[in-house]
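The opening residue of the sequence shown carries number 17 in my numbering; numbering runs sequentially from there. Glycine is no exception: its CB is placed at the ideal position from the N, C-alpha and C atoms. Contents: one structure, followed by commentary.
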Amino acid sequence: MSEPRVRDVLQLQPQQQIVTVHGWVRTKRDTKNVTFFELNDGSCLSNVQVIFDRSENAPLAELDRAQTGASVRVTGTVEASPGKEQSVELHGTALEVIGEAPADSYPLQKKRHSFEYLREIAHLRPRTNTFGSIARVRNALSTAIHGFFQDRGFIYVHTPIITASDTEGAGELFQVTTIPLDALARSKDPEVAYEKDFFGRPAYLTVSGQLNAEVYALALEKVYTFGPTFRAENSNTSRHLAEFWMIEPEVAFCDITCNMDLAEEFVRHILRHVLDDCAEDMAFFDKRIHPGLLESLRHVAESPFRRISYDEAVEQLEASGVEFEYPVSWGSDLQSEHEKYLTEVVYKEPLIVTDYPKEIKAFYMKLNDDERTVRAMDVLVPRLGEIIGGSEREDRYAVLERRIAEMGLAPENYWWYLELRKFGGAPHSGFGLGFERLVQYVTGMQNIRDVIPFPRTPKNAAF
Ligand code: ATP
Ligand code: MN
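Here it is, written out as structure tokens:
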């Protein structure tokens, strides 16, 4: 029979029933007559407190071996706890140390460690309160995301990770090859023999599943992807990773307004879900990581998002009189400092900005009648700036063909994408939500490297 989790034990009515639990010792305290343990097994933030009388019958040798960090199995009776932190505690009768953790070398001592230090021990950091909570919230968010789409008839499509096309045209690609680079470096031939490479052509890790998702949207109407994406962007920021997960819904017969409605309903649904489902972990983030978090998320979950055009955004920024690091004028891309200023200072709430200049957006976005702007929509939130980037897609064959050429892309790579406009095309839209940005937003964590189990960033792929 499987042993109960700590989470289940903490829900029990104290009736001196005997239970056996296992987990890791978070802290241990000895007095002359008793030993106290805090035991955690990751099932929830709380520990179960275990108390052993150091009497003759006590497992004294095991009690001494069970240091902070050790994995143990404990049997005891469930008793009412006099402490106000928990309603029950265990009075230990048997103890088995499963894996010792020598006190002089265990890297997670009781004191608070910096997140920078914890990144260096990524193999142990999930055993801290913060990283345990992040893992549980991340899990709840993924479940909520699938639930949201599944409830609305979306089909989950698995788009490829290796691809020959650069969706964003931004050139931030990791190349995938079986050509031995060392041999290449020694060879005198300046040309790379791609016909001999694994795929017979240059190939890359995907930066987005969108183009493939569009194929399925134009057959199944409502689809989404949720998978890893890769960007070799050499930006050492607190909101960029080289490997991150992206959620990309794509919907046929849906224009930019329908797309904005979906994005807004989606974000608000996810927030409500996690506030309800992860109350203990969320209270922890509110108390320890970002005071005011809960109130701000509840507010966002309950209020409609303001929608403004890029024109208005630029007017606001120009009128602000603020000296930004990157000056703004019509035509310039909004940097995170601008995005944050708009959502934190000007509007003080999440914001959807639409109709960006075509030059700063991807080739596939639908051109407006003004021929200067495209039907893009970015969702900006306080603390982070952009969390979602989306658009209505160009569904006119001739315009798309022209845009591919204008952007200097190779049309032969996009023949199938163009054909979607030739055979039964339809207006369609979608967006990409960076999963780690969402986790960051929800937990209040400052650095994106701390909301993914094993971050990959420039010069860092350890663990
Ligand atoms: P940014 O300007 O912030 O770099 P972007 O315009 O490059 O974002 P998109 O190409 O629109 O982003 O990607 C869709 C979403 O993916 C973004 O809204 C963001 O949430 C997320 N995202 C983009 N790049 C990264 C990254 N390097 N690490 C983590 N998430 C990212
Ligand atoms: Mn980017």
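*Flag this pair as yes or no: are the beta carbons of T175 and N228 separated by less than 7 Å?*
yes
*asked:* Suppose only complete runs of 3+ residues qualify. What are the beta strand (DSSP E) ranges in the region 265-326, listed by chain order?
replied: 322-325
*Return the chain-ordered list of same chain residues with a C-beta closer than 7 Å to the C-beta of H139, the five sequence neighbours on each side being excluded.*
F479
_Where H162 sits in the DSSP three-state scheme_ = helix
*Could you have a look at K204 and say whether DSSP puts it in helix, strand or coil?*
coil
*If you pair each beta-carbon of the region 200-214 with each one of the region 251-258, do three or more pairs fall below 8 Å?*
no
_Classify K377: buried if its beta carbon has 16 or more other beta carbons within 10 angstroms, exposed otherwise._
buried
_Quick test of the definition: if touching needs 3 or more C-beta pairs under 8 Å, does the region 77-86 touch the region 118-125?_
yes
*Answer with buried or exposed for K127, where buried requires no fewer than 16 other C-beta atoms within 10 angstroms of its C-beta.*
exposed
*Check whether the Cβ of H354 lies closer than 6 Å to any heavy atom of ligand 1, and answer yes or no.*
no
*Determine, using beta-carbon pairs with one atom in the region 299-318 and one in the region 444-462, whether at least three such pairs fall under 8 Å.*
yes
_Measuring alpha carbon to alpha carbon, tell me which residue in E402, G108, S103, D394 is nearest S71._
G108
*In whole angstroms, what separates the C-alpha of T91 from that of P118?*
23 Å
_Three-state secondary structure (DSSP) of S348_ = coil
_Restricting to Cα atoms, I'd like to know which of E136, A268, S97 is closest to R409._
A268
*Enumerate in chain order the residues of its own chain whose CB-to-CB distance from A392 is below 6 Å, with the five nearest sequence positions on each side excluded.*
Y372, K377, M381, S407
*May I ask which residues mark the beginning and end of the alpha helix (DSSP H) holding N228?*
226-236
*Any chance the CB of G448 is under 6 Å from a heavy atom of ligand 1?*
yes
*Identify the continuous alpha helix (DSSP H) that holds K374 and give its terminal residues.*
Premise fails: K374 is in no alpha helix (DSSP H) and is neither H nor E.
*Pull up the DSSP beta-bridge partners for H38, would you.*
R89
*By the 10 Å Cβ neighbour count, where 16 or more other Cβ atoms means buried, how is E264 classified, buried or exposed?*
buried
*Taking the alpha carbon of S224 as the point to measure from, which residue in N476, F451, V37 has its own alpha carbon closest?*
F451
*Got a sec: does ligand 1 put a non-hydrogen atom nearer than 6 Å to the Cβ of G405?*
yes
*In three-state DSSP terms, what is A110?*
strand
*Compare the C-alpha of K100 against each of V64, E116, A74, V113 and name the closest.*
V64
_Reference A279, options E112, S445, A96, P20, closest by Cα_ = S445
*Please check the pair L425 and F379, which I expect to be a contact at CB under 8 Å, by giving their CB distance rounded to whole angstroms.*
6 Å
*Using only the heavy atoms of ligand 1, determine whether one of them is closer than 6 Å to the beta carbon of L257.*
yes
*Would you mind sorting F170 into buried or exposed? The rule is 16 or more other CB atoms within 10 Å of its CB.*
buried
*For V415, name the three-state secondary structure that DSSP assigns.*
helix
*Heavy atom of ligand 1 within 6 Å of R453 beta-carbon*: yes
*Coil, strand or helix - D394 by DSSP*: strand
_What I want to know is whether the C-beta of R247 ends up closer than 6 Å to one or more non-hydrogen atoms of ligand 1._
yes
_Per-residue DSSP class, three states only, for A219_ = strand
*Can we count F260 as close to ligand 1, meaning its CB is less than 6 Å from some heavy atom?*
yes
*asked:* Quick check: the Cα distance between R453 and I324, rounded to an integer number of angstroms?
replied: 22 Å
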